[in-house]
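Each residue of the sequence shown is one higher than the one before, counting from 1 in the UniProt record's numbering. Here a beta-carbon is modelled for each residue, glycine too, at the ideal position from N, C-alpha and C. In what follows, a single structure is set out as structure tokens and then discussed.
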Amino acid sequence: MRRIRLPGKLPTVKFPLHYEGAPQRRLFFPEWYFTMVKPREEMPSNYVRFHIPADMTKYDVKEYLDKLYNVSVVSITLGIVNYQRFKAPNPWRKNSYTWKFVDPWKIAHVYLANGDTFKFPDVFQLSPEDAEEDDADSMNEETHTLLEIEERMKKLFKKQQSQTSDRDKIYFDNRWL
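Following this line, the structure appears as structure tokens:
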């Protein structure tokens, strides 16, 4: 797999010089990373979408999935997402903005082979067993102690408010002089 190097942008792996009798180089961590993204619309069960670095080709994606995860692929289509710019507030000037840029990336549309399917997991949905456990443990000791602390703070706040007079609210002592 060949990689285009942009100076100062992408990490590089530096190997020591080879000498006779040195062990074979083994790279266990790839230089690229994929982000699996859930598609917005309903797609076939053998479809998977990834966000990948801009310098990867579809051949690199196929090799990556095949060598690292033993996933066979039928077809890969890449879509390019160019630089995106947005205005970020400038903290040093009032009502001022600076332009920020997000590096480009690609969207890889991957179709799996051999009848392999993938269903994107619903991370936020609780199983029925977990829901029962949450109901049972909803009022545990920590919750009770937090409620007690909140009640004490409310009482203290009411007590402090009742001790202040109207004069204290309007006038204050200047203790700096």
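Per DSSP, the unbroken beta strand (DSSP E) holding Y47 starts and ends at 47 to 53. In terms of Cβ geometry, W105 and H51 form a close pair [threshold 7 Å]. Following the DSSP letters along the chain, one finds K87 inside the beta strand (DSSP E) bounded by residues 84 to 89. With a cut-off of 8 Å on Cβ pairs, the segment 91 to 98 is not in contact with the segment 65 to 80, counting fewer than three such pairs. Taking each of N46, K58, L17 in turn and checking the Cα distance to I80, the smallest one comes out for K58. Remark: C-beta atoms of L126 and N46 do not approach each other more closely than 7 Å. When R152, I107, K154 are compared, the shortest CA-CA separation from Y33 is found for I107.
Note that the C-beta distance between K38 and F124 is not below 7 Å. Between Q84 and V102, the gap from beta carbon to beta carbon is short of 7 Å. For L65, no beta strand (DSSP E) encloses it; the enclosing alpha helix (DSSP H) starts and ends at 58 to 69. Residue pairing of H18 in beta bridges, as defined by DSSP: absent, with no partner found.
Between the alpha carbons of N82 and D122 lies a gap of roughly 30 Å. Straight through space, the alpha carbons of P89 and K155 are spaced by roughly 41 Å.
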